[in-house]
Each structure stands twice: as C-alpha cells, then as structure tokens.
Amino acid sequence: MKKALVLAALAAVVSSPALAAPDSATASGSATATVVAPITLTHDAGAVLSFGSFTTGTTGGTVVVTRAGNGSATGDVTLVAGSTESSDSFTVTGDADRAFQVTALAGVVSNAGTDMAFVPNAALNHTLTGGSVQFRVGGTLTVLGTEPAGTYTGTYAVTAAYN
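Numbered continuously in this note's numbering, the sequence shown closes out at residue 169.
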C-alpha cells in the first residue's frame, strides 16, 4: 500500500502543470560585415621636401616651406638667389570616400655629424575621394647658425590610417 501511495504521489508531481515545459518563442537576428580595402601610402617619385639653399649668420633662424612649396626664411637666415624650395608629395589609396588621417613625425637632416631638426607640416584629415588622394608636406627647418656649409640630408616618417 505504501508503494502504491508513493507511486500515486510521484505520478501527480510528474503530471503537474507547474512542471510542464515553459512557453517559448524563437526569432532570427541580423548580422553584417564590411571588408574595407587596405590603405596604402606611396611616396611620389621625384618628390622631396627641400629647404633650398641659404646662408646663416651666428644667431640662426628657420626656413619654412609651405605645403604649396613656397619657401621663406626667418631670423638670421637668408635664402640665396635661385634657391629652389619644394614640398614633398605622397599618394594614398584605399576604400573610396573613406576618411583617413596623416601623421608626419619630426626629422633631422645631417652632414658630417652636424644635425638640423625639422618639423613636417601635413594636412591632417583627408577623404579618399574616388579611392585615391595626393597630399603634400611642407615643413620648418631650425637653423642654429653654427652649421658648417654643405649638403644636409635625412628622412622622416609619414603614416596614413583610416579614421
């Protein structure tokens, strides 16, 4: 009898509506992914940031080259007649109409152990209209006034990255 009572109680619990499966619903979500063309940065052939030819007194100054390639001197620095200053040039390609940013780090030009520092001037924000854009880099060269005559050369780093 006890066994029958336990089985009856167990049957009542198992068939109870409180233990029935809960009501449920299922829906599908959406997902997307966009593959963007990689950004590339190329230094244009023949382009160079040239601070031209100049003389300097003992107090120094600066040579400034605009992004348009126009040169000027300040302080005790004078551009010589016929000096040719020029801005540098780069081309960026990538995903059409995507915005990107340019970073140009300071550089140094050197000759026989003597250095002159310069700070590049590049427009920072651009849009890849049609997937390609060219931009120019000017800069400001600091001349101390103690540098010996000679040709000074160097490099600087430029980076382009999507915003």
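All C-beta atoms, glycine included, are put in the ideal place defined by N, C-alpha and C.
Item	Value
Buried or exposed, going by whether 16 or more other CB atoms sit within 10 Å of the CB of Leu78?	Residue identity differs from the one stated: residue 78 is Ser in this sequence, not Leu. So Ser78 ends up on the exposed side.
Is Asp101 near Val143, with beta carbons less than 7 Å apart?	no
Give, in chain order, every unbroken run of the beta strand (DSSP E) that is at least 3 residues long and sits entirely within the segment 133-162.	138-149, 159-161
Which of helix, strand or coil does DSSP assign to Ser56?	strand
Using only CA atoms, which one of Val164, Met122, Pro44, His49 lies nearest to Thr109?	Val164
With a CB to CB cut of under 8 Å and the five nearest residues on each side skipped, what residues in its chain are close to Thr161?	Gly113
Counting only the same chain and skipping the five closest in sequence on each side, list residues whose C-beta sits under 8 Å from that of Thr159.	Val115, Ser116, Asn117
I need the boundaries of the beta strand (DSSP E) containing Gly88, first residue and last residue.	It is not in any beta strand (DSSP E) - Gly88 carries neither H nor E in the DSSP assignment.
Can you check which of these residues, Arg104, Ala33, Val54, is closest to Val41 by C-alpha distance?	Arg104
From which residue to which residue does the beta strand (DSSP E) around Leu47 run?	46-49
Check whether the Cβ atoms of Gly66 and Val125 lie closer than 7 Å to each other.	no
Within 10 angstroms of the Cβ of Thr145, are there 16 or more other Cβ atoms? Answer buried if so, exposed if not.	Looking at the sequence provided, one finds Gly at residue 145 rather than Thr. The residue in question, Gly145, is buried, as its Cβ has 16 or more Cβ neighbours within 10 Å.
For Gly136, tell me which candidate among Leu111, Thr99, Ala123, Ala166 has the shortest Cα-Cα distance.	Thr99
Determine the DSSP secondary structure at Val125, reduced to helix, strand or coil.	strand
Name the residue from Pro154, Tyr168, Asn127 whose alpha carbon lies nearest to the alpha carbon of Asp121.	Pro154
Take the Cβ of Val71 as the centre, count every other Cβ of all protein chains shown within 10 Å, and call the residue buried at 16 or more, exposed below.	buried
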